[in-house]
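Going letter by letter, the sequence shown gives residues 63 to 512 in the numbering used here.
Cβ coordinates follow ideal geometry from the N, Cα and C atoms, glycine included.
Here is the structure we will look at, set down as structure tokens.
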Amino acid sequence: MQESQNIEWKESWRDEYLKWICGFANAQGGRLYIGKNDNGTVVGVIDSKKLLEDIPNKIQMMLGIVADVNLLSEDGGDYIEIIVNPSNFPVNYKGEYHYRSGSTKQHLRGIALTNFLASKTGIRWEDVPVIGVSVEDLDKDSFDIFRREALRSKRMTKADLKMSNEELLDSLGLITENGLKRAAILLFHRNPENWIPGCYTKIGKFGIGSDLQYQDEVHGSLFLQADRVIELIYLKYLKAPITYDNMTRVETYPFPKDAVREAFYNALIHSCWSSGIPIQIRIEDDAMYLSNDCVFPSDWTAETLMRRHRSRPYNPRIANAFFRAGYVESWGRGIQKICESCEAYGTDPPKYMVHSEDIMVKLTALSNIQTIDFKNSNVTKDVTKDVAKDVTIESLILSLIKANGSITTAEMAEQLDVNMRTIQRHLSSLKKKDIIMRKGGKRFGFWEIK
Numbered sequence: 063m064q065e066s067q068n069i070e071w072k073e074s075w076r077d078e079y080l081k082w083i084c085g086f087a088n089a090q091g092g093r094l095y096i097g098k099n100d101n102g103t104v105v106g107v108i109d110s111k112k113l114l115e116d117i118p119n120k121i122q123m124m125l126g127i128v129a130d131v132n133l134l135s136e137d138g139g140d141y142i143e144i145i146v147n148p149s150n151f152p153v154n155y156k157g158e159y160h161y162r163s164g165s166t167k168q169h170l171r172g173i174a175l176t177n178f179l180a181s182k183t184g185i186r187w188e189d190v191p192v193i194g195v196s197v198e199d200l201d202k203d204s205f206d207i208f209r210r211e212a213l214r215s216k217r218m219t220k221a222d223l224k225m226s227n228e229e230l231l232d233s234l235g236l237i238t239e240n241g242l243k244r245a246a247i248l249l250f251h252r253n254p255e256n257w258i259p260g261c262y263t264k265i266g267k268f269g270i271g272s273d274l275q276y277q278d279e280v281h282g283s284l285f286l287q288a289d290r291v292i293e294l295i296y297l298k299y300l301k302a303p304i305t306y307d308n309m310t311r312v313e314t315y316p317f318p319k320d321a322v323r324e325a326f327y328n329a330l331i332h333s334c335w336s337s338g339i340p341i342q343i344r345i346e347d348d349a350m351y352l353s354n355d356c357v358f359p360s361d362w363t364a365e366t367l368m369r370r371h372r373s374r375p376y377n378p379r380i381a382n383a384f385f386r387a388g389y390v391e392s393w394g395r396g397i398q399k400i401c402e403s404c405e406a407y408g409t410d411p412p413k414y415m416v417h418s419e420d421i422m423v424k425l426t427a428l429s430n431i432q433t434i435d436f437k438n439s440n441v442t443k444d445v446t447k448d449v450a451k452d453v454t455i456e457s458l459i460l461s462l463i464k465a466n467g468s469i470t471t472a473e474m475a476e477q478l479d480v481n482m483r484t485i486q487r488h489l490s491s492l493k494k495k496d497i498i499m500r501k502g503g504k505r506f507g508f509w510e511i512k
């Protein structure tokens, strides 16, 4: 018999070995032998009778559990066997939580401790109620975004969305009798960092090495971040060389938007927000890196992500709300969709790097983007500048609608640096041409390209 995950040998008894017993109880159970050396040879114990009385009492008093303590003999020597069963509740030694992993004892801290306690108690971090916050304190815009996207994706009906905010939160499992859950604060509060520091997204544009050229931080509810971050990246951080197919303006960005969006939504859903560290997006000319703190399933590897796997969201309440809004699927197909998007776009597949408490995905940029000047394009020579300008604006409006169907005319005017009447005129033209249509009202409505 050798030392293993469930077996440990010690030559003599010390009270600090209660930590090892604590680790066994918090894991799969195990046996601690007193009176054996590292080779498993019996060296004997002194005053075995006293130990048979002291050890069970100390285990019960210090750890609150009961273990079987037996006196055994081998080759003429006595040794003690301590049999520890796995505990259904967390066991601590002087306020410390220890865990047996492999042949080592680990002192649980930080994220690992949070998740251990959650697994033992059955209460997830996101389900803990936040005292002193009411439904009225939540953000109207965040609810509007949810209703708009849920209606557009047809994951919820108009009748469903007519319910009050409190009823909506209850239907999503975000309310307890003791108040709103942490997940509700993250999803719908304008300033969730008042209770959960670090729940925002940090974006940086880098040159060579550590050359940080400019950066942004996007704060607010997770729905506000989901609604704004991708648009910010594509409008501010990425350059799209312009080509013309006859009179159609074509903008080719270095990264497939669907892949970036899916990777970012995955980060929002799976982040371990208790760490206090924001999602970080590093953008370089040839690559984009998205990283977030997480607790990776112990039986998964980076290779597991690239194969078919079942959905195991770290934050199921948040994942369900994003699913109801139509942002994500519920079958663990997110990474598959990222791979398909990259393949269709002509870029390399995503590369995942898994560390002890965080995960990073690398997206590679297109390598063959070329810019074609307007004067060398296929636009007919006798088209006047005004007409060409009108066609360009309409193309830009279509690009904005494609990126964000809920964009307002005011936002279009600001982003294209034209007045509102110009935008309204082109929208009217596009509707008459049966290219776009408006669905829903002013509040929850959106544009759709036909």
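Beta-carbon proximity list for residue i, same chain, < 6 Å, skipping 5 on both sides
i, result
"isoleucine 516", "Not covered by the structure: residue 516. The range shown for the chain is 63 to 512."
"aspartate 410", "Thr426"
"asparagine 88", "Val153 and Tyr161"
"glycine 338", "Pro259 and Gly260"
"glutamine 275", "Lys267 and Gly269"
"leucine 231", "Ile237 and Ala246"
"leucine 458", "Leu478"
Residue i, buried or exposed, once every other Cβ within 10 Å from all chains shown has been counted against 16
i, result
"isoleucine 145", "exposed"
"asparagine 119", "exposed"
"glutamine 287", "buried"
"glycine 396", "buried"
"glutamate 239", "exposed"
"glutamate 324", "buried"
"aspartate 479", "exposed"
"aspartate 199", "exposed"
Nearest-angstrom Cα separation, counted from residue j out to residue i
i, j, result
"tryptophan 71", "cysteine 84", "15 Å"
"lysine 501", "leucine 462", "16 Å"
"proline 259", "arginine 171", "18 Å"
"phenylalanine 436", "serine 392", "Only weak support exists for where phenylalanine 436 lies, its pLDDT of 34 falling under 50; the value from the coordinates is given anyway. Rounded to whole angstroms, phenylalanine 436 to serine 392 spans 44 Å at the Cα level."
"alanine 427", "glutamate 313", "15 Å"
"valine 195", "glutamate 346", "40 Å"
"asparagine 481", "serine 233", "42 Å"
"lysine 81", "proline 148", "14 Å"
"glutamate 255", "lysine 267", "24 Å"
"proline 378", "aspartate 189", "10 Å"
"glutamine 513", "glutamate 293", "Since the first residue of the chain shown is 63 and the last is 512, residue 513 is not available in this structure."
"aspartate 130", "isoleucine 247", "46 Å"
"alanine 349", "lysine 424", "7 Å"
"glutamate 322", "lysine 98", "One point to set straight first is that residue 322 is valine, not glutamate, in the sequence displayed. When rounded, the distance between both Cα atoms is 57 Å."
"glutamate 456", "aspartate 206", "27 Å"
"valine 128", "alanine 383", "43 Å"
"serine 74", "tyrosine 262", "52 Å"
"aspartate 496", "isoleucine 400", "31 Å"
"isoleucine 498", "alanine 180", "49 Å"
"serine 373", "serine 333", "15 Å"
"phenylalanine 178", "tryptophan 335", "15 Å"
"threonine 183", "glycine 157", "16 Å"
"asparagine 68", "glutamate 419", "25 Å"
"proline 191", "leucine 113", "45 Å"
Other residues of its chain near residue i: CB distance less than 8 Å, five sequence neighbours each side excluded
i, result
"glutamate 78", "none"
"threonine 300", "Inspection of the sequence shows that residue 300 is occupied by leucine rather than by threonine. Excluding positions up to five away in sequence, the list reads Tyr315, Pro316, Phe317 and Ile345."
"glutamate 228", "Val197 and Ile237"
"methionine 225", "Ser233"
"leucine 125", "Leu80, Ile83, Cys84, Ala87, Val153, Asn154 and Tyr155"
Cβ-based neighbour list, residue i, same chain, cut-off 7 Å, excluding 5 preceding and 5 following
i, result
"glutamate 115", "none"
"leucine 542", "Since the first residue shown for the chain is 63 and the last is 512, residue 542 is missing from the structure and cannot be characterised."
"alanine 329", "Ile341, Leu352 and Asn354"
"glycine 282", "Arg252"
"methionine 218", "Ala212 and Arg386"
Selected residue, minimal CA-CA separation from residue i, among the options
i, options, result
"serine 215", "Ala387, Leu113 and His417", "Ala387"
"isoleucine 96", "Leu425, Glu346, Glu143 and Ser336", "Glu143"
"glutamine 90", "Gly138, Tyr141, Phe151 and Gly408", "Phe151"
"threonine 366", "Val416, Ala349 and Val153", "Val416"
"aspartate 273", "Arg344, Val280 and Arg323", "Arg344"
"valine 104", "Phe205, Arg93, Ser135 and Asp203", "Ser135"
"tryptophan 257", "Ile511, Leu242, Thr263 and Phe385", "Leu242"
"tyrosine 376", "Thr176, Lys319 and Ile69", "Thr176"
"glycine 139", "Ser165, Val291, Ser110 and Ile121", "Ser110"
"histidine 488", "Tyr407, Leu460, Lys182 and Phe285", "Leu460"
"alanine 465", "Lys493, Ser491, Trp509 and Lys504", "Trp509"
"aspartate 201", "Ser491, Trp187 and Leu249", "Leu249"
"serine 429", "Pro303, Asp278, Ile511 and Gly235", "Pro303"
"arginine 93", "Tyr407, Asn132, Ile108 and Ile173", "Asn132"
Original post:
Counting only runs that start and end within the region 236 to 275, where is the beta strand (DSSP E) found for 3 or more residues in a row?
Top reply: 263 to 268
**OP:** Jot down the residue ranges of each uninterrupted beta strand (DSSP E) in the region 128 to 176, minimum 3 residues, whole runs only, in chain order.
**Re:** 130 to 136, 139 to 146, 160 to 163 and 166 to 169
**OP:** Write down every uninterrupted run of the alpha helix (DSSP H) in the region 63 to 92 whose length is 4 residues or greater and which is fully enclosed by it, in chain order.
**Re:** 80 to 88
**OP:** Just list the alpha helix (DSSP H) runs in the region 445 to 511, keeping only unbroken ones of 4 residues or longer that don't cross its boundaries, in chain order.
**Re:** 447 to 465, 471 to 478 and 482 to 494
Original post:
What are the start and end residues of each continuous alpha helix (DSSP H) run of 4 or more residues lying completely inside the region 288 to 353, in chain order?
Top reply: 319 to 332
**OP:** Note down, one range per segment and in chain order, each alpha helix (DSSP H) of at least 4 residues found wholly within the region 183 to 210.
**Re:** none
**OP:** Could you tell me which uninterrupted alpha helix (DSSP H) segments, each at least 4 residues in length, are contained entirely in the region 395 to 423, listed from first to last along the chain?
**Re:** 396 to 407
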